[in-house]
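One structure below.
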Amino acid sequence: MRPVLEIDGLSVEFASARGPVAAVNDLSFAIGEGETVALVGESGSGKSTAAMAILRLIASPPGRVVKGRVLFEGVDLLGLSPADLRKVRGDRIGMIFQDPMMALNPVYTVARQIAEVLEVHRGLAGRAALDEVVSLLRLVGVPAPETRAGQYPHNLSGGMRQRVMIAMALECKPRLLIADEPTTALDVTVQAQVLRLIEDLKSRLGMSVLLITHDMGVVSQSAHRVVVMYAGRKVEEGATRDLFAAPRHPYTQGLLRAARRARADDGTLWEIRGTVPSPHAMPPGCGFAPRCDCARAACAAAVPELTRTADGHEVRCIVAAEGAA
Amino acid sequence: MTAPVLEVVDLVKHYPVRRGPFEPRKIVHALDGVSLTVRRGETLAIVGESGCGKSTLARCLLRLEDPTGGTIRLHGADITSLDADAMRPLRRHVQIVFQDPYASLNPRWSIGTLMADPLRLHTKLSRAERRVRAAELLAIVGLGGEFLERYPHELSGGQRQRVAIARALAVEPDAIICDEPVSALDVSIQAQVINLLMRLRREFGIALVFISHDLSLVKHIADRIAVMYLGQIVELADAAGMREGAKHPYSRALFAAAPTVDPVPGVSCEAPIGGDVPSPIDPPSGCRFHTRCAFAKDDCALTAPSLRAVEGRSVRCHYAGELDFARWAGGSS
Amino acid sequence: MTDLAAFWVRFRTNRPAVAGLAVLAVVLVMAAIGPTLYPTDPFDMVGRPFLPPFGAYPLGTDVAGRDILAGILHGARISLMIGIMASFGATVFGVAVGAVAGYYGGWLDNLLMRLTDFFLTIPSFVLAVVLVAIFSPDIVTIVLAIATVSWPSVARLARGEFIAHRQREYVLGCRALGMRDREIILFQIMPNALPPVVVVGSLTVATAILTESGLSFLGLGDPNLVSWGYMIGVARTVLRSAWWMAAIPGLMILITVLAINLVGEGLNDALNPRLRQR
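Chains Z, Y and G, in that order, are what the protein sequence lines are.
Residue numbering for the first sequence follows the working numbering, starting at 259 and increasing by one per position.
Residue numbering for the second sequence follows the working numbering, starting at -14 and increasing by one per position.
Residue numbering for the third sequence follows the working numbering, starting at 629 and increasing by one per position.
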């Protein structure tokens, strides 16, 4: 079966005063039909850049896709004309962002913003559009949708705004939903509701979901598969259950230990030492080597290759690959 | 017994807001009758969602905001209505570390200058001595002396937060209020900063008031936990008690909602409460949580429960201790 | 300082701004050393009136036989000086009012902003005319009058900046340390609030030059000093017979104001932190 989205060797650079900086390096992964894939990483890992690159939303300059393909239903999005790309955006692929207030226009009512997309992509207008808006708001669990439709974004709570954003992303029943930190700005009790909503809609509409997050708790709850990024590179990929039960890359291990608030021997919280390397001063070998407890000389010499194990698990680490072999 | 570092009694903070020139003035009930004590060297966590008043409480404790009512005592002395000049020498007792290390350091000044400020204001050290002391303080938080010459934008989030902590430490405070100190940081860095704060508490006996929305974290580091909802404390218990199980439906829900890395199979992580936090303008009548509470009965909307002692803790619920949380899917935290 | 170097790198990429800066530099040099190199008194009747340019006198003579080039060079000094001094005064006063109003808020803010609004609602040129007409039309009065009509917009802007910054965490942190308001205003908020104010201040120079020209045109300039506006005022009756007499100083005003605006825009782009992140 052909995957819905296939990213193949994607590399993105940003121009800076000190020369080009690689934000995403040779990233490949695929999302199957009805699958939720989580792209996990911390700040500077390149996960958001990768998501933006899929829909060609990277400001250029300074950003530039250096190489790679983004195949959506077999078509390379990076090669589409602007007009063809617009047909894909918002229609076949929906996107929701971390901060709904930034993505909603404060001077238009909720109804008008949703209706605008309906008009562009589905040719609905007037009464028909308004009815559709109300039914969409009902779909995403907005109470009293008739009233809410006439309100402005600032009248809504954070959770309601995120629901409106989801409604906008779902208007055209997309094949793929890209959710960039959809719950980070929300309160915990609301976060769970929004995650459940995305899960619900996914099965009802038969979408695939690309979930970009830094929160391992969110991942374990919603994703089938996890792609872990560190310093612009994919370091590990595997089925969520496998990866959480037996992470192979030392970084993934550390991340999970930190997320579980595990204790070190002296009773303090377990921490990954050091900081993410600056994109200007990437170590020549494995990006994680300077912070890694099992690093050896070879790790600093060259970027390790991705190794694939029998169960489809991939890991970019010399030490882990030896252990598996 | 010595007086607690900080003590607030019945603290109230109301803000008037006016949405438009012709609309009536409304009152935001940011804090409504909050009482708590911060004991020497303890870690007190204050937990709640947006709008619960936890940040307002922090600002009132520091006298950055003037409370509408109630009393704030510092080492037993009433500081509720001291003016700026009387407050100034007392400022060194309580310091604050903010959430966003990108906003809490003035981008125009070098770390050296930023570190010298508290020393200049609260000690009689000479310029050269201040520099030496600043380097010592940076060393305590794990940063080298070379950082004195740098500017905030050259530092990572974790490094900035260390600077912010060193700056608070400079005046040798008795308490540091940490307003979401790690929620803007990456998971791999969070533990570093928490461990640093815990070490300072141990080594210098500084009390920490840890304001957070992150229950999974707070459970592990706090001595006592206060859960706030719409300007009120709904439950106050020691951490062990909270880990065993909260007694207020809201704190229960809050604990259940925090996404865990290892979900128990078959147990939904979703909070068994729906809807959003109501606006602190015109909070619900009676018990403020009754609009979202699965156990709410008729009288919950009518009479406001008071904070009362239930099984070794304080709970603001008419039915605390009688509720059957097993009815909830996500009952176990 | 690295800050300054980075600023220059950003400013340099803005070609119109660099061009504006170059033009402005030429005008400034002209004002600074022109009168020394070309010491002819602009009030001296040096020759026959109405001489066209490129004759005995490079730019010809005016209705009274005065050397137009001398007028342009000496006038540059006066026009620029009035423009710069008036906008400097307006900026300092406006920032002071805006800082106090924005930082303290409450009734003080209300009082100061109503005062500001009062000045903003009166057409500024009319107010300047009235002020100069009431007092004697000398250079000090003119500078003060122009500053009086220019400060309110600066005050509004500075107030907005101070309101935005006073609740920032770094300011709260300083208050928690017990820093005095004066120090917070001057040394913590001011350096962060200044960039947009500098931009508006620089644009105010252009407006001030125009206002001074307008005043001189109406005969309300300092009678003992030649400015570009004064020269246009003198030439206005003979606009049809000797158009260049008004066109030359007019062109100078146009070029200078345009250059200042370009530089101001360039400053805005280079100092604006939101644009900087792109």
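The beta-carbon is built from N, C-alpha and C at its ideal position, and this holds for glycine as well.
The structure displayed is predicted, hence computed values, not measured ones.
Looking at the secondary structure, which residues open and close the beta strand (DSSP E) in which residue i lies?
i	result
E220 (chain Y)	Q217 to D223
T56 (chain Y)	G54 to L59
A113 (chain Y)	Counting along the chain, A113 (chain Y) falls outside any beta strand (DSSP E), though it belongs to the alpha helix (DSSP H) covering R112 to I125.
E494 (chain Z)	R491 to A497
P283 (chain Z)	It should be noted that the sequence gives Asn, not Pro, for residue 283 (chain Z). Its beta strand (DSSP E) spans residues V279 to I289.
L297 (chain Z)	T294 to V298
F330 (chain Z)	G321 to F330
Can a CB atom of chain Z be found closer than 8 Å to the CB of residue i?
i	result
D247 (chain Y)	yes
M213 (chain Y)	no
S270 (chain Y)	no
S322 (chain Y)	Lying outside -14 to 318, the shown extent of chain Y, residue 322 (chain Y) is not represented and no answer is given.
P244 (chain Y)	yes
G143 (chain Y)	yes
D208 (chain Y)	no
So with Cβ pairs under 8 Å, would you call residue i a contact of chain Y?
i	result
A804 (chain G)	yes
E494 (chain Z)	no
Y731 (chain G)	no
L899 (chain G)	no
G339 (chain Z)	Contrary to the premise, residue 339 (chain Z) reads as Ser rather than Gly in this sequence. Output row for S339 (chain Z): interface = no.
V476 (chain Z)	yes
E594 (chain G)	Beyond the ends of chain G as shown, which are 629 and 906, falls residue 594 (chain G); an answer cannot be given.
M807 (chain G)	yes
L740 (chain G)	no
L800 (chain G)	yes
R904 (chain G)	Caution applies to R904 (chain G), whose pLDDT of 43 falls short of 50 and renders its modelled position unreliable; the model cannot decide the point.
E655 (chain Z)	No answer is possible for residue 655 (chain Z): it lies beyond the span of chain Z, which begins at 259 and ends at 583.
Roughly how many whole angstroms lie between the Cα atoms of residue i and residue j?
i	j	result
Y136 (chain Y)	L90 (chain Y)	9 Å
E307 (chain Y)	D524 (chain Z)	40 Å
S318 (chain Y)	P320 (chain Z)	Here S318 (chain Y) scores only 38 on pLDDT, less than 50, and its place in the model should not be relied on; the value that follows carries that caveat. So the alpha carbons of these two residues sit roughly 47 Å apart.
A645 (chain G)	F682 (chain G)	32 Å
R904 (chain G)	S318 (chain Z)	Only weak support is given to the placement of R904 (chain G): the predicted model assigns it a pLDDT of 43, under 50, and the value that follows is read from those uncertain coordinates. C-alpha separation (whole angstroms): 15 Å.
R742 (chain G)	P819 (chain G)	26 Å
L182 (chain Y)	F272 (chain Z)	36 Å
I470 (chain Z)	T498 (chain Z)	14 Å
A704 (chain G)	T839 (chain G)	15 Å
G894 (chain G)	V654 (chain G)	18 Å
I712 (chain G)	A836 (chain G)	8 Å
V13 (chain Y)	R293 (chain Y)	25 Å
A792 (chain G)	A786 (chain G)	10 Å
For a cutoff of 8 Å on Cβ pairs, would you count residue i as touching chain G?
i	result
S317 (chain Y)	Summary for S317 (chain Y): the model assigns pLDDT 41, below 50, so the residue's position carries little reliability; its value from the coordinates is reported in the next sentence. For S317 (chain Y), the answer is no, since every Cβ of chain G falls outside 8 Å of its Cβ.
P265 (chain Y)	no
L128 (chain Y)	no
D(-5) (chain Y)	no
P52 (chain Y)	no
L49 (chain Y)	yes
V310 (chain Y)	For the sequence presented, residue 310 (chain Y) should be read as Phe rather than Val. No, because no Cβ of chain G sits closer than 8 Å to the Cβ of F310 (chain Y).
D159 (chain Y)	no
Does the beta carbon of residue i come closer than 8 Å to any beta carbon on chain A?
i	result
P819 (chain G)	Here the protein chains are Z, Y and G, and chain A is not one of them.
Tell me the residue span of the alpha helix (DSSP H) that contains residue i.
i	result
P780 (chain G)	I767 to R794
P486 (chain Z)	Note on identity: in this sequence residue 486 (chain Z) is Val, with Pro being the wrong assignment. Here V486 (chain Z) belongs to no alpha helix (DSSP H); instead the beta strand (DSSP E) covers R483 to Y488.
K17 (chain Y)	Checking the sequence shown, residue 17 (chain Y) turns out to be Asp, not Lys. That residue, D17 (chain Y), is in no alpha helix (DSSP H); its beta strand (DSSP E) goes K11 to V23.
C45 (chain Y)	K39 to L46
Ignoring anything shorter than 4 residues, give me the alpha helix (DSSP H) runs that lie fully in the segment 169 to 229 of chain Y, in order along the chain. 172 to 189, 200 to 206 and 224 to 229
For the segment 217 to 235 of chain Y against the segment 289 to 300 of chain Y, are there 3 or more C-beta pairs whose distance is under 8 Å? With a cut-off of 8 Å on Cβ pairs, the segment 217 to 235 of chain Y is in contact with the segment 289 to 300 of chain Y, counting three or more such pairs.
Any 3 or more C-beta pairs closer than 8 Å across the segment 220 to 229 of chain Y and the segment 183 to 198 of chain Y: no
Contiguous alpha helix (DSSP H) assignments of at least 4 residues, all confined to the segment 800 to 848 of chain G: 818 to 845
Three or more C-beta pairs below 8 Å linking the segment 466 to 485 of chain Z and the segment 445 to 458 of chain Z: yes
Using 8 Å as the cut-off, can you tell me whether the segment 362 to 378 of chain Z makes contact with the segment 411 to 420 of chain Z, which would need three or more C-beta pairs spanning the two stretches below that distance? yes
Count Cβ pairs between the segment 568 to 576 of chain Z and the segment 5 to 22 of chain Y that sit closer than 8 Å; are there 3 or more? no
Under 8 Å: do the segment 492 to 506 of chain Z and the segment 282 to 295 of chain Z share three or more Cβ pairs, one atom per stretch? Segments in contact, yes.
Check whether the segment 856 to 869 of chain G touches the segment 724 to 734 of chain G, taking contact to mean three or more Cβ pairs, one atom from each stretch, closer than 8 Å. no
Taking contact to mean 3 or more Cβ pairs, one atom from each stretch, closer than 8 Å, check whether the segment 530 to 549 of chain Z and the segment 508 to 517 of chain Z are in contact. yes
Just to confirm the assignment: which complete alpha helix (DSSP H) runs, minimum length 4, are found wholly within the segment 640 to 676 of chain G? 643 to 665
For the 8 Å Cβ check, are there 3 or more pairs between the segment 462 to 469 of chain Z and the segment 435 to 449 of chain Z? yes
Are the segment 425 to 434 of chain Z and the segment 391 to 399 of chain Z touching, with three or more C-beta to C-beta distances below 8 Å? yes
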